[in-house]
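Visitor: Right, I'll just put the structure down here and ask away after.
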Amino acid sequence: MIHWPASNRAGSVVVVTALRRWYSPTGLHPGDHVCWTFADPALHGEVDHDLVDDVFPALVDLTGGSPGEVVLDLTDLEFLDAAGARMLARAVRLLAQTGVRLRLIRPRRTVSHCLELFDLLDAQGAAA
Amino acid sequence: MTGIRPTGDWDGSTFAHEGFTFRTDRELIDRVVPFVAEGLSRGEPVLVVAGDRVRTLLADELGADVSRLAAFTAAENWWRGGHDTLRAYDRDLRVLHASVPTWRLVAEPVWLGREDGRKWSRYESVANRCYAELPYYSLCLHDAERLPATVLEAVARTHPLAWAGDAPVATPAYQDPQQFIRSVQPAWGERPRNAAVLSVVNPREARHGVQAWLADAWEARADDAVLAIHELVINALRVSAAAELACWSEADRLVVEVADQGPGLPDETTGYVPPGKTQEGGRGMWLAWGLADDVAVAPGGTGARIRLYFSR
Numbered sequence: 001m002i003h004w005p006a007s008n009r010a011g012s013v014v015v016v017t018a019l020r021r022w023y024s025p026t027g028l029h030p031g032d033h034v035c036w037t038f039a040d041p042a043l044h045g046e047v048d049h050d051l052v053d054d055v056f057p058a059l060v061d062l063t064g065g066s067p068g069e070v071v072l073d074l075t076d077l078e079f080l081d082a083a084g085a086r087m088l089a090r091a092v093r094l095l096a097q098t099g100v101r102l103r104l105i106r107p108r109r110t111v112s113h114c115l116e117l118f119d120l121l122d123a124q125g126a127a128a
Numbered sequence: 001m002t003g004i005r006p007t008g009d010w011d012g013s014t015f016a017h018e019g020f021t022f023r024t025d026r027e028l029i030d031r032v033v034p035f036v037a038e039g040l041s042r043g044e045p046v047l048v049v050a051g052d053r054v055r056t057l058l059a060d061e062l063g064a065d066v067s068r069l070a071a072f073t074a075a076e077n078w079w080r081g082g083h084d085t086l087r088a089y090d091r092d093l094r095v096l097h098a099s100v101p102t103w104r105l106v107a108e109p110v111w112l113g114r115e116d117g118r119k120w121s122r123y124e125s126v127a128n129r130c131y132a133e134l135p136y137y138s139l140c141l142h143d144a145e146r147l148p149a150t151v152l153e154a155v156a157r158t159h160p161l162a163w164a165g166d167a168p169v170a171t172p173a174y175q176d177p178q179q180f181i182r183s184v185q186p187a188w189g190e191r192p193r194n195a196a197v198l199s200v201v202n203p204r205e206a207r208h209g210v211q212a213w214l215a216d217a218w219e220a221r222a223d224d225a226v227l228a229i230h231e232l233v234i235n236a237l238r239v240s241a242a243a244e245l246a247c248w249s250e251a252d253r254l255v256v257e258v259a260d261q262g263p264g265l266p267d268e269t270t271g272y273v274p275p276g277k278t279q280e281g282g283r284g285m286w287l288a289w290g291l292a293d294d295v296a297v298a299p300g301g302t303g304a305r306i307r308l309y310f311s312r
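Protein sequence lines, in the order shown, are assigned to chains Y and L. Each residue of the first sequence is one higher than the one before, counting from 1 in UniProt numbering. Each residue of the second sequence is one higher than the one before, counting from 1 in UniProt numbering.
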């Protein structure tokens, strides 16, 4: 399930900024059977001021399907600015209203700086 | 101690900020104990965050009243750099403000004795502006036996109140925060001739240009510098069609300048003020100032010109 921004002003940049959800052949089932599972949705590339209006609806569409916790992996998010972090904070708030707890994991150090501006980090410094 | 008015005419509705310098145990006790006693007698939460010497003395003097303090904690572990320390302080203030009508604080910023902690005087100065509406009295303690003369001189310029022996009085040396910060920021000289210069019209172009400049010699600081510059470029392009970037090394520091042709900065202290929790925008300067090791804003001239300094 991949949701692309309806319009993207940055042209080819869409490839590195799109949200993705993929199948992992290495996911382990509790019964130790190898199976195909949904991996976590992820943000990657550079999400900045110019892209937040496109990424926000895609993120909300992708993660807002069912109540409960959704983990957003930031491992490959190379750059996030204050506007990008503001967009994530807005998404967290909006999703919370529908019962979805969006949890951000594994941010890089400079990405953490931006998340902290919006209290998106927990007490251990990991993304909350 | 008859006739002492520990908070003078303060009515508990606005911010009062006193810098108190002491040398002897007696001086400290004579100032702080009546201040604490008055707060307790009025039913105000009294918080003490101080170094070991001060806490030991106060514990002896206050006796059982220590248990009536809303906080009695060590200051030694508070310092985590200027921005992060102020941010933690700001969070605690907001929590207090949401729960009690007024409070008083005895605070000893012991980190002013450290080389990297001296920049705290800028935050003390800006506190007068950003906390003006908060209803608390902050009695800031400074141990003259430990602190260098330059720090003590800055105390007088950043605290509007001083102790006159029987009541707080206005400090003659006190300066407006903008004036104080201008006086302590790095001097604004001409750019060196070998500075790399780039004109940019979008933030992505600026980021990639700076990344290329910093790739080798400044790799360890590149991420911080790129993010900080990006935020300044975003601001610059809001008011100007293009922004000019310049970059050079100065002794053991990297200097990056962002200049625009807009109306100039409306408030040069903004980068030192923690953004409000519900505030939507305005975080870029706070972020940039916090990532850099030092910042200078050009005095006068056309547009805004900001230099960020990064140490190795």
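Yeah, the Cβ is synthetic: ideal placement off N, Cα and C, and Gly gets one too.
Measuring straight from C-alpha to C-alpha, what distance separates Pro186/L and Ala149/L?
Guide: Within the second sequence, residue 186/L is the residue found at index 186, counting from 1. Within the second sequence, residue 149/L is the residue found at index 149, counting from 1. Distance between the alpha carbons of Pro186/L and Ala149/L is about 19 Å.
Visitor: May I have the straight-line CA-CA distance separating Arg5/L from Thr102/L, to the nearest angstrom?
Guide: Position 5 of the second sequence, counted from the start, is the residue given in the question as residue 5/L. Position 102 of the second sequence, counted from the start, is the residue given in the question as residue 102/L. Computed Cα separation, rounded: 18 Å.
Visitor: May I ask you to report which of helix, strand or coil DSSP gives His33/Y?
Guide: As a position in the first sequence, residue 33/Y is number 33, starting the count at 1. Below a pLDDT of 50, predicted positions are generally treated as unreliable, and His33/Y, at 27, falls in that range; no measurement from the model is reported.
Visitor: On the three-pair Cβ rule with 8 Å, is the segment 52–70 of chain L touching the segment 186–197 of chain L?
Guide: Too few Cβ pairs lie closer than 8 Å, so no.
Visitor: Glu244/L to Ser99/L, Cα distance in whole Å?
Guide: Your numbering for residue 244/L matches position 244 in the second sequence. Your numbering for residue 99/L matches position 99 in the second sequence. Straight-line Cα distance between these residues: approximately 47 Å.
Visitor: What residues are listed by DSSP as bridge partners for Glu250/L?
Guide: On the second sequence, residue 250/L is found 250 positions in, with the first residue counted as 1. Answer is Arg253/L, bridged to Glu250/L.
Visitor: Output the distance between the C-alpha atoms of Phe72/L and Ala296/L, rounded to the nearest integer angstrom.
Guide: Counting from one through the second sequence, the residue named residue 72/L turns up at place 72. Counting from one through the second sequence, the residue named residue 296/L turns up at place 296. Approximately 37 Å between the Cα atoms of the pair.
Visitor: When you compare only the Cα positions, how much space is there between Pro107/Y and Leu77/Y?
Guide: In the first sequence, residue 107/Y corresponds to position 107, counting from 1. In the first sequence, residue 77/Y corresponds to position 77, counting from 1. Approximately 7 Å between the Cα atoms of the pair.
Visitor: Have a look at the DSSP bridge pairing and note the partners of Arg80/L.
Guide: Locating residue 80/L in the second sequence gives position 80, where the first residue counts as 1. In the DSSP output, where bridge partners are listed per residue, Arg80/L has none listed.
Visitor: Roughly how many angstroms separate the alpha carbons of Arg305/L and His44/Y, rounded to a whole number?
Guide: Counting from 1 along the second sequence, the entry for residue 305/L is found at position 305. Counting from 1 along the first sequence, the entry for residue 44/Y is found at position 44. Distance between the alpha carbons of Arg305/L and His44/Y: 33 Å.
Visitor: Less than 8 Å between CB atoms is the rule here; does Arg21/Y satisfy it with respect to chain L?
Guide: Numbered from 1 along the first sequence, position 21 holds the residue referred to as residue 21/Y. A caution first: Arg21/Y carries a pLDDT of 40, below 50, which makes its placement in the model too unreliable to give a value.
Visitor: For Phe118/Y versus Ala85/Y, is the C-beta distance shorter than 8 Å?
Guide: Within the first sequence, residue 118/Y is the residue found at index 118, counting from 1. Within the first sequence, residue 85/Y is the residue found at index 85, counting from 1. Yes, the Cβ-Cβ distance between Phe118/Y and Ala85/Y is below 8 Å.
Visitor: On the DSSP letters alone, give me the boundaries of the alpha helix (DSSP H) that Pro168/L sits inside.
Guide: The residue you call residue 168/L lines up with position 168 of the second sequence. Not the alpha helix (DSSP H): Pro168/L falls in the beta strand (DSSP E), residues Pro168 to Ala170.
Visitor: Taking Cβ-Cβ distances shorter than 9 Å, what residues in chain A pair up with Arg146/L?
Guide: Absence of chain A from the displayed structure is noted, the protein chains being Y and L.
Visitor: Where does Thr171/L land, buried or exposed, given buried means 16+ other C-beta within 10 angstroms?
Guide: For the purposes of this step, residue 171/L is taken as the residue at position 171 of the second sequence. Burial call: buried.
Visitor: What span of residues does the beta strand (DSSP E) with Glu18/L cover, start to end?
Guide: Translated into positions along the second sequence, residue 18/L becomes position 18. Where Glu18/L is concerned, the enclosing beta strand (DSSP E) stretches over Ala16 to Phe22.
Visitor: What residues from chain L crowd round residue 129/Y, counting only those whose CB sits closer than 7 Å?
Guide: The structure shown does not extend to residue 129/Y, since chain Y is modelled only from 1 through 128, so no value can be given for it.
Visitor: What separation, rounded to the nearest whole angstrom, lies between the Cα atoms of Val210/L and Asp9/L?
Guide: Taking the second sequence and counting its residues from 1, one reaches residue 210/L at position 210. Taking the second sequence and counting its residues from 1, one reaches residue 9/L at position 9. Cα-Cα distance, rounded: 53 Å.
Visitor: Tell me, to the nearest whole angstrom, how far the beta carbon of Pro69/L is from that of Val48/L; I am working on the premise that it is less than 8 Å.
Guide: As a position in the second sequence, residue 69/L is number 69, starting the count at 1. As a position in the second sequence, residue 48/L is number 48, starting the count at 1. According to the sequence provided, residue 69/L is Leu. The question's Pro does not apply to it. Indeed they touch by this definition, with Cβ atoms about 6 Å apart.
Visitor: Quick check on the burial criterion: 16 or more other C-beta atoms within 10 angstroms. Buried or exposed for Ala217/L?
Guide: Within the second sequence, residue 217/L is the residue found at index 217, counting from 1. Looking at its Cβ environment, which holds fewer than 16 other Cβ atoms inside 10 Å, Ala217/L is exposed.
Visitor: With 16 as the cutoff for other CB atoms within 10 Å, does Asp73/Y come out buried or exposed?
Guide: Against the first sequence, residue 73/Y aligns to sequence position 73. When all chains shown are included, Asp73/Y counts as buried.
Visitor: Using the three-state DSSP reduction, which class does Arg68/L fall into: helix, strand or coil?
Guide: Taking the first residue of the second sequence as position 1, residue 68/L is located at position 68. Three-state DSSP puts Arg68/L in a helix.
Visitor: Let me check understanding here. Comparing Cα to Cα, which of Asp252/L, His142/L, Gly290/L and Gly19/L lies closest to Asp25/L?
Guide: Start at 1 with the first residue of the second sequence, and residue 25/L comes out as number 25. The shortest C-alpha separation from Asp25/L is found at His142/L.
Visitor: By the 10 Å Cβ neighbour count, where 16 or more other Cβ atoms means buried, how is Leu232/L classified, buried or exposed?
Guide: Counting from one through the second sequence, the residue named residue 232/L turns up at place 232. Leu232/L comes out buried.
Visitor: When the Cα atoms are used, what is the spatial distance from Lys277/L to Gly3/L?
Guide: If you number the second sequence from 1, residue 277/L lands on position 277. If you number the second sequence from 1, residue 3/L lands on position 3. If you take the alpha carbons of Lys277/L and Gly3/L, they lie about 42 Å apart.
Visitor: Quick check: what's the CA-CA separation for His113/Y versus Gly290/L?
Guide: Here residue 113/Y is taken as the residue at index 113 of the first sequence, counted from 1. Here residue 290/L is taken as the residue at index 290 of the second sequence, counted from 1. Approximately 9 Å, taken between the alpha carbons.
Visitor: Comparing alpha-carbon positions, which option in Val110/L, Arg146/L, Glu124/L and Gln175/L lies nearest Val273/L?
Guide: On the second sequence, residue 273/L is found 273 positions in, with the first residue counted as 1. Here the closest residue by C-alpha is Glu124/L.
Visitor: What's the C-alpha gap between Asp54/Y and Asp48/Y?
Guide: If you number the first sequence from 1, residue 54/Y lands on position 54. If you number the first sequence from 1, residue 48/Y lands on position 48. When rounded, the distance between both Cα atoms is 11 Å.
Visitor: Give the straight-line distance between the Cα atoms of Gly12/L and Tyr174/L, rounded to the nearest whole angstrom.
Guide: Locating residue 12/L in the second sequence gives position 12, where the first residue counts as 1. Locating residue 174/L in the second sequence gives position 174, where the first residue counts as 1. Cα-Cα distance, rounded: 22 Å.
Visitor: Quick one: Cα of Ala222/L to Cα of Ala156/L, how far?
Guide: By one-based count along the second sequence, residue 222/L stands at place 222. By one-based count along the second sequence, residue 156/L stands at place 156. In a straight line, the C-alpha of Ala222/L is about 37 Å away from that of Ala156/L.
Visitor: Apart from the five residues just before and just after Cys247/L, which ones in its own chain have a Cβ nearer than 6 Å to its Cβ?
Guide: Within the second sequence, residue 247/L is the residue found at index 247, counting from 1. Closer than 6 Å at Cβ, skipping near neighbours: Ala196, Trp213 and Val256.
Visitor: What are the boundary residues of the beta strand (DSSP E) that Asp143/L is part of?
Guide: Locating residue 143/L in the second sequence gives position 143, where the first residue counts as 1. That run of the beta strand (DSSP E) goes Tyr136 to Asp143.
Visitor: Could one say the Cβ of Arg42/L lies closer than 8 Å to chain Y's Cβ atoms, at least one of them?
Guide: Stepping through the second sequence from its first residue, residue 42/L is reached at position 42. Output row for Arg42/L: interface = no.
Visitor: In chain order, what residues of the same chain have a beta carbon less than 7 Å from the beta carbon of Val126/L, not counting five sequence neighbours either side?
Guide: If you number the second sequence from 1, residue 126/L lands on position 126. The answer, listed in chain order, is Pro177, Thr269, Tyr272 and Val273.
Visitor: Using CA coordinates, which residue listed in Asp60/L, Gly300/L and Ala59/L is at the minimum distance from Pro266/L?
Guide: Sequence index remark: in the second sequence, residue 266/L carries index 266 (1-based). Checked all of Asp60/L, Gly300/L and Ala59/L; the closest Cα to Pro266/L is Gly300/L.
Visitor: If I measure Cβ to Cβ from Val60/Y and keep anything under 8 Å in the same chain, skipping five residues before and after, which residues do I get?
Guide: On the first sequence, position 60 is the one that residue 60/Y refers to. Within the same chain, Val60/Y has close Cβ partners Ala91, Leu94 and Leu95.
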